[in-house]
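Taking it in order: structure first as structure tokens, then the write-up.
Residue numbers (this note's numbering), protein chains in the order written: chain A, 1 to 335; chain B, 1001 to 1335.
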């Protein structure tokens, strides 16, 4: 039995517990780690009974409470000590798991992770990072929602953490860092981005300057930094636009008999394309800057997305990202 | 000869002067107004000589200087008194034209318009508004780049101006107003949007609350307000994403012989779809809150986009939007 243990919140997300548990069972097919399923044990056992799997590699931690999506994050974390989310975060804090994945209440997970798991020394604000698909492979966009109001120095710290992650997990030496902005010229942007731009110029990062929003999907940089409000807007608008456009393409193809014949012939490559742009293929969003790994999976996660998130955790743990970020900040590079 | 006079900067934009002049000539085919072409008269005359048109309806104002795209806005406006942009704005200020359209340096146009044309009394910050195509007709997104840092009250003023515009130009009584945000719940957002949300609740506008970025293209509201940084990010990211996705669809359709046959059959409806999503069809971005009309056309404007912008000016002038905004602010509704 491997020593690596990944905890999964089986009660969070639109498709919990069915898809979450299914994803855990499927994730066993790769790797040799132990998955710790956190949630109402009766429900988890009942879901597990649908499958054949290696019982040695699944553990259950019973959590009688559930944090719902509409609860106020800090209150929920404080009051529901026996929720799957709080118990999962405790497992990570106490070293009983190497990572925790949840598709539940984002605000509660971020608040809980910061309070329970804790920040790496020197990191002012942990942030959520997401790989976004582009024409030339994924870019890492961060922050995508943990910090809606940012000081320029937070952005610099995001860039440092993102560089460590991208270099080690994606295997790109000295990754290019860009700051999301509304023009390529240095003087473009708002007060915050202009100041952050200056600070980024003074670091040892491979800073390429402003990444114009228009160019984000052409892989203008490996790591794209911005405040959590802007990052979340980009992520959500991108999701909405992809959904809308594909629906429009489909309807448009169905609009005439001739096009309908064409559509049947086109369907396969279009489906392949949708897969390329599918965020759930890429996994969850790691919360960088904590002393251990916490991953936010999409609220609409299905089994496939959970498998993606588990694989992401494996890679993150194997590459020892937490220690590498810690080292980067210890070296006094966080000026 | 109609009394309405629309001035057009023939020297600004990537395709100036050829496409701009061509667009002006084409715009003569509709309406009965006079177009005032501002720029180097030799060049304009040489472009005009390519076409047959009603010479009574074209006037030329010679402007020996040109403001380039890389010039610092305020300096350019101050120093180049004989540029097409400054002379065009002066025409509007002096009442010699009812509107001015430019596809040139955005920053210079905004700075020049505020300084030369001037704000409506009570309006703290004029803002750029753009119609964005959605599945159910256009929504008006504003600010899309004039004010990168906004106080909550600016957002409320944008909403008021946008409502007047949408009600009168688009003919939608009591248009729905939403604030662009990262969640539907009232407490979601950054400091600025949360405060603006509260203020919007206190107005007599048809405020529907937060418009989540994911839903912007499903026509969640008629008027979508945000700061100019976020609005510009949405506009540019949307443009980039549409371009990228259509290129990917095309490449994907060309990837196999069978799909290629399909692609030929699909081409027509896909082209029709591209047209639906084509921002240049919708016209330019009016700069709302000034004592007269100034329209920023896209830097990449072709003749078709110029025709769109001229038509937009006609509608704006006919509906007397400036006076209606003035009235809204005079009534003391700008609390």
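Built from N, CA and C at the ideal position, the CB exists for glycine as well.
Computed from a predicted structure; not experimentally measured.
Distance between residue j and residue i (C-alpha atoms, nearest Å)
{"i": "residue 65(A)", "j": "residue 296(A)", "result": "19 Å"}
{"i": "residue 301(A)", "j": "residue 1014(B)", "result": "44 Å"}
{"i": "residue 59(A)", "j": "residue 36(A)", "result": "5 Å"}
{"i": "residue 1251(B)", "j": "residue 1260(B)", "result": "10 Å"}
{"i": "residue 1054(B)", "j": "residue 1045(B)", "result": "14 Å"}
{"i": "residue 1197(B)", "j": "residue 1093(B)", "result": "35 Å"}
{"i": "residue 1038(B)", "j": "residue 1205(B)", "result": "39 Å"}
{"i": "residue 3(A)", "j": "residue 192(A)", "result": "44 Å"}
{"i": "residue 1100(B)", "j": "residue 1228(B)", "result": "21 Å"}
{"i": "residue 1221(B)", "j": "residue 1026(B)", "result": "33 Å"}
{"i": "residue 109(A)", "j": "residue 125(A)", "result": "14 Å"}
{"i": "residue 112(A)", "j": "residue 163(A)", "result": "25 Å"}
{"i": "residue 1249(B)", "j": "residue 1083(B)", "result": "43 Å"}
{"i": "residue 7(A)", "j": "residue 97(A)", "result": "6 Å"}
{"i": "residue 1338(B)", "j": "residue 127(A)", "result": "Past the edges of chain B, shown from 1001 to 1335, lies residue 1338(B), and the structure says nothing about it."}
{"i": "residue 224(A)", "j": "residue 1185(B)", "result": "27 Å"}
{"i": "residue 298(A)", "j": "residue 285(A)", "result": "8 Å"}
{"i": "residue 1321(B)", "j": "residue 1103(B)", "result": "22 Å"}
{"i": "residue 307(A)", "j": "residue 43(A)", "result": "20 Å"}
{"i": "residue 1089(B)", "j": "residue 1313(B)", "result": "15 Å"}
{"i": "residue 1329(B)", "j": "residue 1134(B)", "result": "29 Å"}
{"i": "residue 72(A)", "j": "residue 240(A)", "result": "26 Å"}
{"i": "residue 1200(B)", "j": "residue 1324(B)", "result": "20 Å"}
{"i": "residue 1057(B)", "j": "residue 1016(B)", "result": "21 Å"}
{"i": "residue 253(A)", "j": "residue 1005(B)", "result": "43 Å"}
{"i": "residue 311(A)", "j": "residue 1245(B)", "result": "27 Å"}
{"i": "residue 143(A)", "j": "residue 1230(B)", "result": "15 Å"}
{"i": "residue 1257(B)", "j": "residue 283(A)", "result": "33 Å"}
{"i": "residue 67(A)", "j": "residue 247(A)", "result": "34 Å"}
{"i": "residue 1041(B)", "j": "residue 1024(B)", "result": "15 Å"}
{"i": "residue 1078(B)", "j": "residue 1061(B)", "result": "19 Å"}
{"i": "residue 131(A)", "j": "residue 172(A)", "result": "14 Å"}
{"i": "residue 1129(B)", "j": "residue 1069(B)", "result": "21 Å"}
{"i": "residue 216(A)", "j": "residue 255(A)", "result": "32 Å"}
{"i": "residue 1304(B)", "j": "residue 1031(B)", "result": "15 Å"}
{"i": "residue 1165(B)", "j": "residue 76(A)", "result": "44 Å"}
{"i": "residue 1262(B)", "j": "residue 190(A)", "result": "46 Å"}
{"i": "residue 47(A)", "j": "residue 28(A)", "result": "15 Å"}
Nearest residue (CA-CA) to residue i, options the options
{"i": "residue 33(A)", "options": "322(A), 329(A), 302(A) and 318(A)", "result": "318(A)"}
{"i": "residue 1202(B)", "options": "1159(B), 1080(B) and 1220(B)", "result": "1159(B)"}
{"i": "residue 219(A)", "options": "141(A), 91(A) and 173(A)", "result": "141(A)"}
{"i": "residue 51(A)", "options": "11(A), 157(A), 22(A) and 156(A)", "result": "22(A)"}
{"i": "residue 1139(B)", "options": "1304(B), 1199(B) and 1170(B)", "result": "1170(B)"}
{"i": "residue 86(A)", "options": "63(A), 195(A) and 134(A)", "result": "63(A)"}
{"i": "residue 1208(B)", "options": "1143(B), 1175(B) and 1238(B)", "result": "1175(B)"}
{"i": "residue 1195(B)", "options": "1161(B), 1230(B) and 1156(B)", "result": "1156(B)"}
{"i": "residue 122(A)", "options": "41(A), 161(A), 70(A) and 304(A)", "result": "161(A)"}
{"i": "residue 1146(B)", "options": "1165(B), 1257(B) and 1226(B)", "result": "1226(B)"}
{"i": "residue 294(A)", "options": "262(A), 309(A), 303(A) and 304(A)", "result": "309(A)"}
{"i": "residue 187(A)", "options": "1189(B), 1172(B), 1148(B) and 1165(B)", "result": "1148(B)"}
Neighbour-count burial assignment, residue i, 16 or more Cβ in a 10 Å radius
{"i": "residue 337(A)", "result": "Limits of chain A in this structure are 1 at one end and 335 at the other, which puts residue 337(A) out of reach."}
{"i": "residue 1264(B)", "result": "exposed"}
{"i": "residue 1335(B)", "result": "Caution applies to residue 1335(B), whose pLDDT of 44 falls short of 50 and renders its modelled position unreliable; the value that the coordinates give is listed next. Classification for residue 1335(B): exposed."}
{"i": "residue 1095(B)", "result": "exposed"}
{"i": "residue 1001(B)", "result": "Because residue 1001(B) sits at a pLDDT of 49, beneath the cut-off of 50, its placement in the model cannot be relied upon, and the following sentence gives the value as read from the coordinates. That one is exposed."}
{"i": "residue 9(A)", "result": "buried"}
{"i": "residue 1074(B)", "result": "exposed"}
{"i": "residue 327(A)", "result": "exposed"}
{"i": "residue 19(A)", "result": "buried"}
{"i": "residue 1315(B)", "result": "exposed"}
{"i": "residue 106(A)", "result": "buried"}
{"i": "residue 137(A)", "result": "exposed"}
{"i": "residue 1080(B)", "result": "buried"}
Where the stretch 1080-1104 of chain B meets chain C: residues whose CB sits under 7 Å from a CB there: This model lacks chain C altogether, as its protein chains are A and B.
Inter-stretch contact (C-beta, 8 Å, three-pair minimum) for the stretch 1104-1119 of chain B and the stretch 1288-1295 of chain B: yes
Segments assigned alpha helix (DSSP H), at least 4 residues, entirely inside the stretch 184-246 of chain A: 191-201
Three or more C-beta pairs below 8 Å linking the stretch 146-165 of chain A and the stretch 234-249 of chain A: These segments do not touch.
Touch test, the stretch 162-180 of chain A against the stretch 204-215 of chain A, Cβ-Cβ under 8 Å, three pairs minimum: yes
Alpha helix (DSSP H) segments (min. 4 residues) lying fully within the stretch 61-110 of chain A: 73-79 and 84-93
Ordered list of alpha helix (DSSP H) runs contained in the stretch 1136-1192 of chain B, each at least 4 residues: The stretch 1136-1192 of chain B contains, as complete alpha helix (DSSP H) runs of 4+ residues, the segments 1152-1169 (chain order).
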